[in-house]
Structures are given as structure tokens and as C-alpha cells.
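**Student:** The opening residue of the sequence shown carries number 5 in mature numbering (1 follows the signal peptide of the UniProt record, and there is no 0); numbering runs sequentially from there. The C-beta atom is built at its ideal place from N, Cα and C for all residues, glycine as well. What you are looking at is a predicted structure, and each value in this text was computed from that prediction instead of being measured. What follows is a single structure, and I will ask about it in a moment.
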Amino acid sequence: LMTAGAAPREDAAATGGAAVPVGPAVQPFQVPLPLLPVLTPGATRGGADVYDITMRRTGAEILPGLSTDVLTYDGHFPGGIVRARSGRPVVMRQHNQLGVDTSVHLHGASVPVTSDGDPMNTFASGTSRTYTYPNQQPHASLWYHDHAHHSESENCYRGLSGSYLLTDDVEEALPLPAGRYDVTVALRDAHFDDDGQLLYILDDAAGRSTILANGKPYPYLQVAARKYRFRLLNSSNLRFFALRLADGSPFTQIGSDGGLLPRPFTTDALLLSPAERADVVIDFSRYPVGTRLVLENTLGPGDPDRTGKVMRFDVVRKAPDPSRVPSVLRTLPPLPPVTGRRSFDLNVAVVGGEPQGTINGRVYDPARIDTDIPYGASEVWTVTNTNTDVPHNFHMHLVQFRVLERNGKSPTGAEAGLKDTVCLLPGETVKLQATFDSYRGTYVYHCHLLDHSAMGMMARMRIR
Ligand code: C2O
Ligand code: CU
């Protein structure tokens, strides 16, 4: 099973005794960080932006000089950025040319069930599906990814994820770094064979030892000596990132999954579990031109990452900086009165030789309703990771929730905003409050270590 301190690399069990390839050695900081393309709508119809996206296989140069087979939205590895505005719907017409079934989920979004991309609501290669996103929610850094049951883990790993930046007047009124100084960075890990092809092995935390930022290993980014906003996404299936700047200096977290935090949170460390997002502002004005600053990943001994590095910022010029991080970023509505309480235990175990993921002792059954919720309810959910050596996290479709407590204490400022995914290290308990006042229907909640949800750590809630 996946642990934070992972099994040795040469553990051959997963491949039936054959040695597992470790892939070509990668020199860090050889390639620039690619900026993710912003997708342009093909049409505007009835006040909605309409995108046509062809999902297809292609080759991407991830490792220098090698072409890797990947699955993409419109040929981009990782997927491009959709820019959306609250109150203005987006229609995404997905044309599946992948050769496999797919379902597209907009992670963190409040959407009618028909457009949620439920694991069972897949569409076949050669067919298309239209997803309509009403965007009736405040600004947030959302992302879209594959959710076909049992293959979401492999499909996301092979490239099916992209960013969806929803903005609104509240966010736009702030003097935060913008334009070229607002950079989306999708982080993930990968396991390559010696030809540079992606190896997918279930629960392969140990093998996924190469870190990619926007689809490239350990890139560098040339920056000006001023403030930048980075929208970080952990699009890994299993890997947690524990990020810090190599000089230990602080940076400012301004946002999380569901948009801006109420107040900026200054820290020198950021833990990002799979699917979580963090908006951070780094001020490079404190460094002289010529400085090279590494963004490190500091997980403990046994971490399979070969380098402990993620990317590097190269300060190459001075620049004026009219941007500011205000001391108040947004006001969240008060929490409604609690109408119900429930608890959820997450666990993975090996049962009859097979790894099995459960919530409250049950493996995901797409025909079963696990939780019935009255429309309009506001509930406190106590979620516990009952494993002592395996990290999990907890993601709910449909809602952005609030974290009330972590291990009996108030959460830090990093968790004071709206969240859709919350980290659960071994043995941890989180209390969250979610309000179900947007759409009725049946939606899933699950561990977003996708290898775990593929093993069954997922369940269904019905709002009615
Ligand atoms: Cu990121 Cu069920 O989703
Ligand atoms: Cu899990």
C-alpha cells in the first residue's frame, strides 16, 4: 500500500518479479516552465461561452528528445486553462477520440447532476458529450479531469486534467499580481520506462519518482524581481507535495480550493494533497537579479522523488510592481445553523490479496445511496483516516465546504477558506461543514488519491 515513506524502488512485486524500470535520469532545470495555453471559446451562444474540445491521444515531449504517449484535451499535456466568470455559463462539448470511455468532471464546481461527470455516466470513444457549467458560484481555481469509474486513475495519470479559473468582481477588484504575473502551475509525478513511456501501475507511489510542473520535469521560470501569484494544483494521483523555498523564506498563501482566503496566510511551508489547490504570492523583490531559487519538496526519507526539487525561479530582471496583497481578501458568509451530523471513516486494507478502499466499511457501489441529505441541509461531517500508515484525503462533489476542526483544533489560516478537498494524514480527523442548497441529485464523495478511489474508497450522497 501507498505510504508516505514508500517501498523501495526495486520492489518487483507489482510486475510479477520483473525489475521495474526506473526511467531515464533527468537533469533538473534544463527546460523552461511552459505556460499553459488559455483555451478560446469557439462560439458564444445565449450568453454562454462554448468550447469544442477533442479528447485524443498524442505524443508529448516530456523528457528531452523522447516522445511520450499521452491522453489529452485538445492535444495539450496537461490540459489548457478555461477562463470563466461567475454568472456566465460555460458549455464544454467534449469529443471523445481517446479509444477509451471517459467522463469529465469539473472539480470543485456546483453543477447539475447531468453535467457533473459522475463515474458511471461515461461516454464512449467516437461519441461526444456536452457539459454545461452554470458558474453560479464565487471565484475559484477549479480543474477538470477524467472520472470514468475504475479508469479515472489511469486516465488522469496519462494526461486528462486541465485548469478552469473562475473569476468574479470580488477577486478582480483586488490589486493582486495579474496578467503575466499570475501563473498556473500544475504539479504531478510520473513513472517512466526507459523509452520515456508512462508506466501505470496501481498504487505505484514508489515508482512515480519524476516530478513534472506543467508537463515538464523540474523546469525553471525566469521571473522579475517583484511579486508573482502562482496558482498551484496538485494533479498527482497519490503524491503529497510539502513545498518550501530553498532559502526557507516565507511566502503568502492567498487562496485555496474555493478561491481566496479571508486573509492572507504567511508561511514557509505548504502541504498539498492530491487535487488540492493553493494560490500563493512570492515576492522576488527581496532577491538580487541573478538569484536562482529552488522550490523544494521536503517529504521525509523514503520519499521516492529522486531530487527533492520541483522547479527553480531565476530572477533575471527588475520590474515595477504596482500589485499588493490586501490584509482582507474576501468575506465569507456566516455558517448556517447545523441541521445534521455524520461521520465517515476512510480505510484501505488488503482483503483476500486485493487492496480495497472503503468509506464506513463499504466499497463503492454505484447502485447504492450511502447518504440521504435533505435539500437545504447544512451538515457537520467528521471524517477520519483510520489507517495509521497511509495518507488519504476527502473530496465532495457539488459543494465547497468549510473546515471547522483538524484533530480537535482550529485549522490554520491555510484552511480558513472554502475547500472541496481536505488532507487526512494517517490517523487524522477533520470536521467540516457543508451546505446543500444548490442542486438536487446524486453525487459522489471520495478519497482523491485516485488509486484509492479506484479501489473503492468512494460513496454516493443524494440531495433531495
Ligand atoms: Cu476531482 Cu470526484 O473528483
Ligand atoms: Cu485514500
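Relative to the C-alpha of Ala228, which residue among Glu300, Phe317, Gln201 is closest?
**Tutor:** Of Glu300, Phe317, Gln201, the residue nearest in Cα terms is Phe317.
**Student:** State the DSSP-derived secondary structure class of Phe269, mapped to helix, strand or coil.
**Tutor:** Three-state DSSP puts Phe269 in a strand.
**Student:** Buried or exposed for Pro292, please, with buried defined as at least 16 other CB atoms from any protein chain shown within 10 angstroms of its CB.
**Tutor:** Per the 10 Å Cβ criterion, exposed.
**Student:** DSSP state of Ala152, grouped into three classes?
**Tutor:** Correct three-state label for Ala152: coil.
**Student:** Roughly how far, in whole angstroms, is the beta-carbon of Leu436 from the beta-carbon of Pro278, given that I think they are within contact range, below 8 Å?
**Tutor:** Between Pro278 and Leu436 the Cβ distance is about 17 Å, and since that is not below 8 Å, they are no contact.
**Student:** What residue does the beta strand (DSSP E) around Asp287 start on, and which one ends it?
**Tutor:** Where Asp287 is concerned, the enclosing beta strand (DSSP E) stretches over 281-287.
**Student:** Any idea what DSSP makes of Tyr379, helix, strand or coil?
**Tutor:** Here Tyr379 sits in coil by DSSP.
**Student:** Just the Cα atoms here: how many angstroms apart are Arg61 and Val394?
**Tutor:** So the alpha carbons of these two residues sit roughly 33 Å apart.
**Student:** For Glu358, count neighbouring C-beta atoms within 10 Å of its own C-beta (all shown protein chains included) and say buried if the count is 16 or more, exposed if not.
**Tutor:** So Glu358 ends up on the exposed side.
**Student:** What residues match up with Phe317 in a beta bridge as DSSP calls it?
**Tutor:** In DSSP, Phe317 forms a bridge with Leu225, Leu297.
**Student:** Where do the N-terminal and C-terminal ends of the alpha helix (DSSP H) with Leu236 fall, by residue?
**Tutor:** Segment 231-238 is the beta strand (DSSP E) holding Leu236; no alpha helix (DSSP H) there.
**Student:** Taking Arg281 and Arg235 to be in contact with their CB atoms under 8 Å, please state how far apart those CB atoms are, rounded to whole angstroms.
**Tutor:** Indeed they touch by this definition, with Cβ atoms about 7 Å apart.
**Student:** Assign Arg334 to buried or exposed, taking buried as 16 or more other Cβ atoms, counted over all protein chains shown, within 10 Å of its Cβ.
**Tutor:** Buried, because 16 or more other Cβ atoms sit within 10 Å of the Cβ of Arg334.
**Student:** Please list, in chain order, all residues of the same chain as Thr311 whose beta carbon is under 7 Å from its beta carbon, the five residues on each side excluded.
**Tutor:** Only Pro32, Tyr222 meet the Cβ criterion.
**Student:** Leaving out five residues before and five after Leu178 in sequence, what residues of the same chain have Cβ atoms less than 7 Å from its Cβ?
**Tutor:** So the list reads Pro330, Leu333, once near-sequence residues are dropped.
**Student:** Closer than 8 Å is the cut-off here; do at least three beta carbon pairs connect the region 238-253 with the region 43-62?
**Tutor:** Judged by Cβ distances under 8 Å, the region 238-253 makes no contact with the region 43-62, as fewer than three pairs qualify.
**Student:** From Val108 to Leu180, what does the alpha carbon distance come to, in whole angstroms?
**Tutor:** Cα-Cα distance, rounded: 31 Å.
**Student:** For Glu419, which residues in the same chain have their Cβ closer than 6 Å to its Cβ, ignoring the five residues on either side in sequence?
**Tutor:** The answer, listed in chain order, is Val407.
**Student:** Does the beta-carbon distance from Phe463 to Thr375 come in below 8 Å?
**Tutor:** This sequence places Ala at residue 463; Phe is not what is there. Yes, Cβ-Cβ distance for Ala463 and Thr375 is below 8 Å.
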